[in-house]
Amino acid sequence: ENELGVTAPTGFFDPLGFTDGIDQEKFDQYRTAELKHGRVAQLAVIGYITPEIFRWGFDIAPGIPCADVPNGVAAINAIPALGWAQIIFAIGAVDVRGWLGDFDIGKPDLKGKEEERALQELQHGR
């Protein structure tokens, strides 16, 4: 009940009982997964909306300019199988190995606001 992300009126919301009888380490692992999935979901929304207003000027595959790729679900069939393999490999490599690294550029100055921002990130990802 005292964990970050507990909000009124529901309190600690775990209807399927995933956290029943687990230790703090396992809870922290679940929280990390929740944050990661929330970030991916937010990026997916941006990736779905952005092509409606902006198109990149390069070819997504040889002979297939980004401008010719349809929006939304129709884009699935427009990207070749090798392109999907590369996308899945890149996502897996970043997820498993964290190859993108930890960059100093673009980090906000959160002095004294770490808990507030962490709560906002949890709520936005839900």
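Take 1115 as the starting number for the sequence shown in this note's numbering and just add one per residue.
We put the beta carbon where it would ideally sit given N, CA and C, even for glycine.
Item to check | When Gly1171, Asn1185, Asp1223 are compared against Pro1179, the one with the closest alpha-carbon | outcome: Position 65 of the sequence shown, counted from the start, is the residue given in the question as residue 1179. Of Gly1171, Asn1185, Asp1223, the residue nearest in Cα terms is Gly1171.
Checklist entry - In its own chain, which residues sit with a C-beta less than 7 Å from the C-beta of Asn1191, not counting the 5 before and 5 after it? => result Taking the first residue of the sequence shown as position 1, residue 1191 is located at position 77. There are no such residues.
Checklist entry - DSSP state of Thr1121, grouped into three classes? => result Numbered from 1 along the sequence shown, position 7 holds the residue referred to as residue 1121. Residue state, collapsed to three classes: strand.
Item to check | Min CB distance Phe1127 to chain C below 7 Å | outcome: Included in the structure is just one protein chain, with no chain C present.
Checklist entry - In chain order, which alpha helix (DSSP H) runs of at least 4 residues are fully inside the region 1124 to 1164? => result 1138 to 1163
Checklist entry - Per DSSP, what kind of secondary structure is Ile1219 in: helix, strand or coil? => result In the sequence shown, the residue the question calls residue 1219 occupies position 105. In this structure, Ile1219 counts as coil in the three-state DSSP scheme.
Next on the checklist: Judging by CA-CA distance, which residue of Thr1164, Pro1194, Asn1185, Gly1161 is the nearest neighbour of Gly1177?
Outcome noted: Numbered from its first residue, the sequence shown carries residue 1177 at position 63. Here the closest residue by C-alpha is Pro1194.
Item to check | Secondary structure of Ile1193, DSSP reduced to three states | outcome: Mapped onto the sequence shown, residue 1193 falls at position 79. Correct three-state label for Ile1193: coil.
Checklist entry - When the Cα atoms are used, what is the spatial distance from Arg1231 to Arg1169? => result Counted from its first residue, the sequence shown places residue 1231 at position 117. Counted from its first residue, the sequence shown places residue 1169 at position 55. When rounded, the distance between both Cα atoms is 32 Å.
Next on the checklist: What would DSSP say about Phe1178, mapped onto helix, strand or coil?
Outcome noted: Locating residue 1178 in the sequence shown gives position 64, counting from the first residue. As written in the sequence, residue 1178 is Ile, which differs from the Phe given in the question. Looking at Ile1178 - three-state DSSP - the assignment turns out to be strand.
Item to check | Beta-bridge partners of Asp1173, as assigned by DSSP | outcome: For this step, residue 1173 is matched to residue 59 along the sequence shown. Its beta-bridge partners are Pro1179.
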